[in-house]
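Everything below concerns the one structure shown next.
There are 4 protein chains.
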Amino acid sequence: MNQVYVHEQLIRFSHCDPAGIVYFPRFFDLAHATMEDWLAEGVGQGLPALIGERRIGTPTVSIQCDFAKTLRIGETLRFELRVTRLGNASVQLGYSGKKQADGEEHLAIRQTIVFMDLAVQKAIPIPADLRPRIESFLAT
Amino acid sequence: MNQVYVHEQLIRFSHCDPAGIVYFPRFFDLAHATMEDWLAEGVGQGLPALIGERRIGTPTVSIQCDFAKTLRIGETLRFELRVTRLGNASVQLGYSGKKQADGEEHLAIRQTIVFMDLAVQKAIPIPADLRPRIESFLAT
Amino acid sequence: MNQVYVHEQLIRFSHCDPAGIVYFPRFFDLAHATMEDWLAEGVGQGLPALIGERRIGTPTVSIQCDFAKTLRIGETLRFELRVTRLGNASVQLGYSGKKQADGEEHLAIRQTIVFMDLAVQKAIPIPADLRPRIESFLAT
Amino acid sequence: MNQVYVHEQLIRFSHCDPAGIVYFPRFFDLAHATMEDWLAEGVGQGLPALIGERRIGTPTVSIQCDFAKTLRIGETLRFELRVTRLGNASVQLGYSGKKQADGEEHLAIRQTIVFMDLAVQKAIPIPADLRPRIESFLAT
Numbered sequence: 000m001n002q003v004y005v006h007e008q009l010i011r012f013s014h015c016d017p018a019g020i021v022y023f024p025r026f027f028d029l030a031h032a033t034m035e036d037w038l039a040e041g042v043g044q045g046l047p048a049l050i051g052e053r054r055i056g057t058p059t060v061s062i063q064c065d066f067a068k069t070l071r072i073g074e075t076l077r078f079e080l081r082v083t084r085l086g087n088a089s090v091q092l093g094y095s096g097k098k099q100a101d102g103e104e105h106l107a108i109r110q111t112i113v114f115m116d117l118a119v120q121k122a123i124p125i126p127a128d129l130r131p132r133i134e135s136f137l138a139t
Numbered sequence: 000m001n002q003v004y005v006h007e008q009l010i011r012f013s014h015c016d017p018a019g020i021v022y023f024p025r026f027f028d029l030a031h032a033t034m035e036d037w038l039a040e041g042v043g044q045g046l047p048a049l050i051g052e053r054r055i056g057t058p059t060v061s062i063q064c065d066f067a068k069t070l071r072i073g074e075t076l077r078f079e080l081r082v083t084r085l086g087n088a089s090v091q092l093g094y095s096g097k098k099q100a101d102g103e104e105h106l107a108i109r110q111t112i113v114f115m116d117l118a119v120q121k122a123i124p125i126p127a128d129l130r131p132r133i134e135s136f137l138a139t
Numbered sequence: 000m001n002q003v004y005v006h007e008q009l010i011r012f013s014h015c016d017p018a019g020i021v022y023f024p025r026f027f028d029l030a031h032a033t034m035e036d037w038l039a040e041g042v043g044q045g046l047p048a049l050i051g052e053r054r055i056g057t058p059t060v061s062i063q064c065d066f067a068k069t070l071r072i073g074e075t076l077r078f079e080l081r082v083t084r085l086g087n088a089s090v091q092l093g094y095s096g097k098k099q100a101d102g103e104e105h106l107a108i109r110q111t112i113v114f115m116d117l118a119v120q121k122a123i124p125i126p127a128d129l130r131p132r133i134e135s136f137l138a139t
Numbered sequence: 000m001n002q003v004y005v006h007e008q009l010i011r012f013s014h015c016d017p018a019g020i021v022y023f024p025r026f027f028d029l030a031h032a033t034m035e036d037w038l039a040e041g042v043g044q045g046l047p048a049l050i051g052e053r054r055i056g057t058p059t060v061s062i063q064c065d066f067a068k069t070l071r072i073g074e075t076l077r078f079e080l081r082v083t084r085l086g087n088a089s090v091q092l093g094y095s096g097k098k099q100a101d102g103e104e105h106l107a108i109r110q111t112i113v114f115m116d117l118a119v120q121k122a123i124p125i126p127a128d129l130r131p132r133i134e135s136f137l138a139t
């Protein structure tokens, strides 16, 4: 329990807007990359095989983000990912987005994903082989 | 009062993911395009001049989205944009994202932007020349 | 013969980089949108149905671009699209990218696409029902 | 002389299109990331400081790409970057894009960048402190 998945990404030229700061929709792309690596490394089942072999997807049903401070090109974003709620088919993920240099939180994301059978496009219970490892990231 | 800004966008190849549906971070990019055209056409002050000449930006401080149904390549997304709250420096925008073909709501976004003096990176009151037209979109 | 497909797109906030000009990879995305609309309107067969119903894709096998001048947020890019070479399975497209305001060419793209059977991932002859209309855009 | 800068990137969900392969404009974004890391690590001068402190940019004036084979989600792209031509103000970069798993070349890019004084938007000679290290990557 209480594991935290830490993922760092460099803020690149392509993430930034004419004001020189990250264009906010790209933070969701960066968060998705964090989720992908968490699934592969933290949960032990990467998205490519989950989708390609097991035909299970993890669509996002809701997401919420507060942007407290900006990030600029050349800075490093450090996401700390926790599971903040665990349902039957759904997982709520909490991302604390910090500037690596000083550890201050610049943004915070809450995202709810569901496990979905891609063939019939219906939500399914979290696969039994994945649930214990997902649960190990549950914040208490 | 009670104006609604309607903006339609074709879902393109580049918006869609390996599951053939819109990759959710791109909805925020599509919503940003709607906001840009609303500023230009609805409010009468486009972002290029606002940023370039007046040195005022409109960064997003929080955003929330519920995704009820997917959208696919070739479908048309119709955003209906309203002002859902009006502060001194901030504007909360509500986007109802409908599938144009049947008018059903597929997603809903709440976004709070602030007007910011780009030179000093501080929030400023909504410019007096823009406030009345922004207010005309306030949902009551 | 000698038809030209004209397609205009507003340069948006999200296309631009910290230097305030279009980040060059986005020009290929803008060109792809032009190709999509040309297929739908100029050739009479849109990509969604081509992929979804006929299971035919149009992957790019080579592309070349010269960037002579920049484009900025708020400007309108006007692509003039011609077919510059027509093979058995391949089509070479030439895009002249002009700034709409003054008609000057800012960039020029040459792109070769092939028609591909998506089931077997092999090139196929240009579908007979599409060839005459594609040929009508051949520059002579 | 003859140094090669090697840079590996995971192909992610967001890079892929409805056909499950990388949407080609994103290869240019991936190549740009390689160039950014090469500037920082290979040349010793990262783009953030180059732009932000020295006010020098490296816009792309031409680019050419051949796509021989596709790449899919979960595969790793390995770019091998060389300098293929060195001018007074310009550098031509050659990227051999290999699938890391088998070392086969899937795409090849030629890109010409120029060093530019951002204040006056004019090309300038390659900065003297950077030229020797850039030259060390020149393929002979």
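Quick mapping for you: the protein sequence lines, in order, are chains D, V, Y and L.
Count the first sequence with numbering that gives the first Met the number 0 and you get residues 0 to 139, in order.
Count the second sequence with numbering that gives the first Met the number 0 and you get residues 0 to 139, in order.
Count the third sequence with numbering that gives the first Met the number 0 and you get residues 0 to 139, in order.
Count the fourth sequence with numbering that gives the first Met the number 0 and you get residues 0 to 139, in order.
Ideal Cβ placement from N, Cα and C applies to all residues, glycine included.
Answer with buried or exposed for residue i, where buried requires no fewer than 16 other C-beta atoms within 10 angstroms of its C-beta.
i	result
V21(D)	buried
E7(V)	exposed
T75(V)	exposed
D128(D)	exposed
G102(V)	exposed
E40(Y)	exposed
M0(V)	exposed
D36(L)	buried
T33(Y)	buried
Q110(D)	buried
T139(V)	exposed
A119(V)	The amino acid at residue 119(V) is misidentified as Ala; the sequence shows Val. Per the 10 Å Cβ criterion, exposed.
K208(L)	Only positions 0 to 139 of chain L appear in this structure, which leaves residue 208(L) out of reach.
My output table needs one value for residue i: the three-state DSSP class, helix, strand or coil.
i	result
D116(Y)	strand
F27(D)	helix
S135(V)	coil
A127(D)	coil
T69(D)	coil
T57(D)	coil
G51(Y)	helix
G140(Y)	Any property of residue 140(Y) remains undetermined from this structure, which presents chain Y solely from 0 to 139.
A107(L)	strand
A122(Y)	strand
E79(L)	strand
E35(L)	helix
Which residues in chain L have a C-beta closer than 8 Å to the C-beta of residue i? List them in chain order.
i	result
S13(V)	D16, Y22 and P24
F27(Y)	F23, P24 and F27
Flag residue i as yes if its beta-carbon sits less than 9 Å from any beta-carbon of chain D, otherwise no.
i	result
R77(L)	no
H31(V)	yes
Can a CB atom of chain L be found closer than 9 Å to the CB of residue i?
i	result
G96(Y)	no
G19(V)	yes
Output the distance between the C-alpha atoms of residue i and residue j, rounded to the nearest integer angstrom.
i	j	result
R132(L)	P124(Y)	48 Å
R84(V)	V3(V)	14 Å
Y94(L)	V60(L)	16 Å
E116(L)	F26(Y)	In the sequence under discussion, the amino acid at residue 116(L) is Asp, which differs from the Glu named in the question. Whole-angstrom Cα-Cα distance: 23 Å.
L106(D)	N87(Y)	53 Å
T69(V)	I55(D)	16 Å
F23(V)	Q44(D)	21 Å
C64(V)	L92(V)	12 Å
L137(L)	Q99(V)	54 Å
T57(D)	I50(D)	9 Å
For residue i, return the contacting residues in chain Y, with the cut-off set at a CB-CB distance below 9 Å.
i	result
L38(V)	The premise fails here: L38(V) is roughly 10 Å from chain Y at the closest Cβ pair, so nothing lies under 9 Å.
Nearest chain V C-beta to residue i closer than 9 Å, yes or no?
i	result
S61(D)	yes
I72(Y)	yes
Against residue i, what residues of chain V qualify as contacts under a CB-to-CB distance less than 9 Å, listed in chain order?
i	result
I50(D)	P17 and A18
F66(D)	P58, T59, V60, S61 and I62
Is the Cβ of residue i closer than 9 Å to any Cβ of chain B?
i	result
H105(L)	Note that chain B does not occur in the displayed structure, where the protein chains are D, V, Y and L.
Check whether the Cβ of residue i lies closer than 9 Å to any Cβ atom in chain Y.
i	result
T69(L)	yes
Along chain V, in chain order, which residues have C-beta atoms closer than 7 Å to that of residue i?
i	result
L117(D)	A18
G45(Y)	G73
Using a C-beta to C-beta distance shorter than 7 Å, which residues of chain Y count as neighbours of residue i?
i	result
E35(V)	R11 and F12
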